[in-house]
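Visitor: Next up is a structure, given as structure tokens.
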Amino acid sequence: MTTRRERIQALINENGFDGVLYATGANFQYLTESNDVYWQRCCMNNFIQSSPHNVPEAVVYMNKEGKVTILCTPQHRGTYKDTTIRSYMDQFEDELAPIIDGKKIGLGFNCGEWLKDTLKVVDPEIETVYAENMMDYIRCYKDENEIAQLRKMAEFTDDAIMYVATHMKEGMTQFEAEHMLMEYGFEHGMQDFSFPPTIGFKTRGTFTPEENFEFPRTSKLVPGTGIAFDIGFMNEGYCSDWGRTLYYGKAPEHVKKGYEALQAGQVAMVNSIVPYKTNINELYGMIEKEVVKRGFGDVLRYRDSGMLGHQIGIDCHEHPMLSKSVDFILKPGMVFCSEPKMMFEGETYMRVEDMILITETGAEFLSNFPRDMFEIDVCK
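Rendered as structure tokens:
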């Protein structure tokens, strides 16, 4: 079986690089095969990331022959066991010079400008090339250990949401609900969140269609409130992502039926996936077909683009993304988040989001929050 590093080495040679250099981040974690160094993830679809000008605590270099070297600050010297390690402080270029063995080096985004400037000190003739996305399409296939960790993250997220949903009280603010969730995560050993958590309150009849996506933190929970959850935890190097709309009190019948249609569409899609055959660009249509059959096509969002979700793993939002414009066959080991949405304007923003694993025989929900749970009993 081809190892992870052998696949990366092949990519280095395919791209004509003499080596690649990554600071701490998703690619660093993937290449070093180590989850031991915590780094603040702030990547959303590779549009927003940590500053390219920051000075890293650790970097990893792999040359085209597959040799891996980690340079790190002294406090991390005991972290890595299976690579050549050099320690640096102020004179990073002096430590970097002996290991850079070529003229064309691929760089990641994190601390990229600082690394680029430092390489020019090492050798003014070095050419640097953006290589942040080089590993996107090998990272999308998870190994057994990655799948086990993602499964554990999905199960924990289900439990966390159930705790919050069953402990919400009338009169609490959106901020208090989000704080409850955050404390639950930290008390149970989570390191961080995949992204800022949202438990958005929208009470029917209190906002205009133009205010559909505004969720003031001071909003209070009262009967007739749709609660839009968008939550992800991060622990031991991997993320979760979960979404639902629940309803506090008795929901209008058409809203409840809409939620059932959205859930049915999600289930129909997962049941229809055939590994090695189903294309990502087919997924939205599978959901849409069921939703339209149930009479809710007019409130289904993104019907033109088929925007549906993303892969998930080390980062919360990984490639390939899910939309009608993406041509990519689903294969075993892929884990993606499908998040179809509806909008009942001025009333409720509806979403369902699950983590889904592609297996050798089909697809499996990693998220298993009860699909028939929608209305939350009002606590007196």
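Heads up: take any position in the sequence shown, counting from 1, add 3, and you land on our numbering. Cβ atoms here follow ideal geometry from the backbone N, Cα and C, with glycine treated the same way.
Go ahead and label Q94 buried or exposed: buried means 16 or more other beta carbons lie within 10 angstroms of its beta carbon, across all protein chains shown.
Guide: As a first step, residue 94 is located in the sequence shown; it is residue number 91 there, counting from the start. Exposed, since its Cβ has fewer than 16 Cβ neighbours within 10 Å.
Visitor: Could you give the distance in angstroms between the alpha-carbon of V258 and the alpha-carbon of K292?
Guide: Walking along the sequence shown from the start, residue 258 turns up at place 255. Walking along the sequence shown from the start, residue 292 turns up at place 289. Approximately 19 Å, taken between the alpha carbons.
Visitor: Would you be able to state if there are at least three C-beta pairs under 8 Å between the segment 358-369 and the segment 332-343?
Guide: yes
Visitor: Mapping DSSP to helix, strand and coil, what is M175?
Guide: Translated into the one-based positions of the sequence shown, residue 175 becomes position 172. Reduced to three states, the DSSP call for M175 is coil.
Visitor: Once the 5 residues before and after F159 are set aside, which same chain residues still bring their CB inside 6 Å of it?
Guide: Counted from its first residue, the sequence shown places residue 159 at position 156. Excluding its 5 nearest sequence neighbours in each direction, F159 has no C-beta neighbour in its own chain below 6 Å.
Visitor: Leaving out five residues before and five after F368 in sequence, what residues of the same chain have Cβ atoms less than 7 Å from its Cβ?
Guide: The residue given as residue 368 occupies position 365 in the sequence shown. V273, D357 and I359.
Visitor: Where do the ends of the beta strand (DSSP E) carrying W117 lie?
Guide: Taking the sequence shown and counting its residues from 1, the one referred to as residue 117 is at position 114. It is not in any beta strand (DSSP E) - W117 instead sits in the alpha helix (DSSP H) that spans G115 to V125.
Visitor: Is Q314 helix, strand or coil when you go by DSSP?
Guide: Working through the sequence shown from its first residue, we reach residue 314 at position 311. Note: Q314 maps to strand in three-state DSSP.
Visitor: Spatial neighbours of V132 within its chain, please: C-beta separation below 8 Å, excluding the five flanking residues on both sides.
Guide: Within the sequence shown, the letter at position 129 stands for residue 132. Only N18, F20, K107, I108, G109 and L110 meet the Cβ criterion.
Visitor: Quick one: residues in its chain with C-beta nearer than 8 Å to the C-beta of D161, no 5 flanking neighbours on either side, listed in chain order?
Guide: By 1-based counting over the sequence shown, the position of residue 161 is 158. In its chain, beyond the 5 residues on either side, W245, S370, N371 and F372 have a beta carbon closer than 8 Å to the beta carbon of D161.
Visitor: If you scan the segment 70-96 from start to end, which runs of the beta strand (DSSP E) of 3 or more residues do you find wholly inside it?
Guide: 71-75 and 87-90
Visitor: Determine the burial state of C45: buried for a count of at least 16 other Cβ atoms within 10 Å of its Cβ, exposed for fewer.
Guide: By one-based count along the sequence shown, residue 45 stands at place 42. Any reading at C45 is ruled out, since the residue's pLDDT is 48, under 50, leaving its predicted position unreliable.
Visitor: Buried or exposed: which applies to G240, given that a residue is buried once 16 or more other Cβ atoms fall within 10 Å of its Cβ?
Guide: Against the sequence shown, residue 240 aligns to sequence position 237. Answer is buried; the Cβ neighbour count reaches 16.
Visitor: Taking 6 Å as the limit between beta carbons, can you name the residues of its chain near A29, skipping five residues before and five after?
Guide: Position 26 of the sequence shown, counted from the start, is the residue given in the question as residue 29. If we look at A29 and ignore the five residues flanking it on each side, its Cβ neighbours are I317 and D318.
Visitor: Count the CB pairs spanning the segment 266-283 and the segment 224-242 that are closer than 8 Å, and state whether there are at least three.
Guide: no
Visitor: Would you report the Cα separation of E348 and D301, rounded to the nearest angstrom?
Guide: As a first step, residue 348 must be located in the sequence shown, where it is residue number 345. As a first step, residue 301 must be located in the sequence shown, where it is residue number 298. So the alpha carbons of these two residues sit roughly 11 Å apart.
Visitor: Below 8 Å, how does it come out for the segment 174-191 and the segment 220-227: are there three or more Cβ pairs, yes or no?
Guide: With a cut-off of 8 Å, the segment 220-227 and the segment 174-191 count as touching, because enough Cβ pairs lie within range.
Visitor: Could you work out which residue in G288, T281 and L118 is closest to I103 when comparing CA atoms only?
Guide: Here residue 103 is taken as the residue at index 100 of the sequence shown, counted from 1. Among G288, T281 and L118, the Cα nearest to that of I103 is on L118.
Visitor: Between which two residues does the alpha helix (DSSP H) carrying T35 extend?
Guide: Locating residue 35 in the sequence shown gives position 32, where the first residue counts as 1. Element bounds for T35: A29 to T35.
Visitor: Between the C-alpha atoms of R207 and F218, what's the straight-line distance to the nearest angstrom?
Guide: Your numbering for residue 207 matches position 204 in the sequence shown. Your numbering for residue 218 matches position 215 in the sequence shown. Cα atoms of R207 and F218: separation of roughly 13 Å, rounded to the nearest angstrom.
Visitor: Return the Cβ separation of H313 and L303 in integer angstroms, given the expectation that the two are a contact with Cβ distance under 8 Å.
Guide: Stepping through the sequence shown from its first residue, residue 313 is reached at position 310. Stepping through the sequence shown from its first residue, residue 303 is reached at position 300. Not a contact, Cβ separation roughly 19 Å.
Visitor: Spatial neighbours of H79 within its chain, please: CB distance less than 7 Å, with the 5 preceding and 5 following residues excluded, ordered by chain position.
Guide: The count along the sequence shown starts at 1 and reaches residue 79 at position 76. For H79, where only same-chain residues beyond five positions count, the Cβ hits under 7 Å are V40, E60 and A61.
Visitor: In the DSSP assignment, find the beta strand (DSSP E) that holds V23 and state where it starts and stops.
Guide: As a first step, residue 23 must be located in the sequence shown, where it is residue number 20. It spans G22 to A26 - the beta strand (DSSP E) in which V23 sits, taken as one unbroken run.
Visitor: Mind checking H320: buried by the 16 CB within 10 Å criterion, or exposed?
Guide: As a working mapping, residue 320 is identified with position 317 in the sequence shown. Burial call: buried.
Visitor: What are the residues that DSSP puts in a beta bridge with C242?
Guide: The count along the sequence shown starts at 1 and reaches residue 242 at position 239. DSSP lists M237 as partners of C242.
Visitor: Where does A26 land, buried or exposed, given buried means 16+ other C-beta within 10 angstroms?
Guide: What you label residue 26 is simply residue 23 of the sequence shown in a count that begins at 1. Buried is the call here.
Visitor: Identify the residues that DSSP records as bridge partners of R354: which are they?
Guide: Numbered from its first residue, the sequence shown carries residue 354 at position 351. Paired residue(s): K344.
Visitor: Could you give the DSSP three-state label for D380: helix, strand or coil?
Guide: Against the sequence shown, residue 380 aligns to sequence position 377. Coil at D380, not helix or strand.
Visitor: Just how far apart, CA to CA, sit Y64 and F232?
Guide: For the purposes of this step, residue 64 is identified with residue 61 of the sequence shown, where counting begins at 1. For the purposes of this step, residue 232 is identified with residue 229 of the sequence shown, where counting begins at 1. So the alpha carbons of these two residues sit roughly 40 Å apart.
Visitor: I need the DSSP call for I141, collapsed to helix, strand or coil.
Guide: Numbered from 1 along the sequence shown, position 138 holds the residue referred to as residue 141. In this structure, I141 counts as helix in the three-state DSSP scheme.
Visitor: From which residue to which residue does the alpha helix (DSSP H) around G203 run?
Guide: Reading the sequence shown from its first residue, position 200 is the one you call residue 203. Looking at the DSSP string, G203 is not in any alpha helix (DSSP H); the run it does join, the beta strand (DSSP E), is T201 to T206.
Visitor: Helix, strand or coil, according to DSSP, for N284 in the structure here?
Guide: Residue numbering aside, residue 284 sits at position 281 when the sequence shown is read from its first letter. Helix at N284.
Visitor: Let me know the secondary structure DSSP gives Q12 once reduced to three states.
Guide: On the sequence shown, residue 12 is found 9 positions in, with the first residue counted as 1. If DSSP states are grouped into helix, strand and coil, Q12 belongs with the helices.
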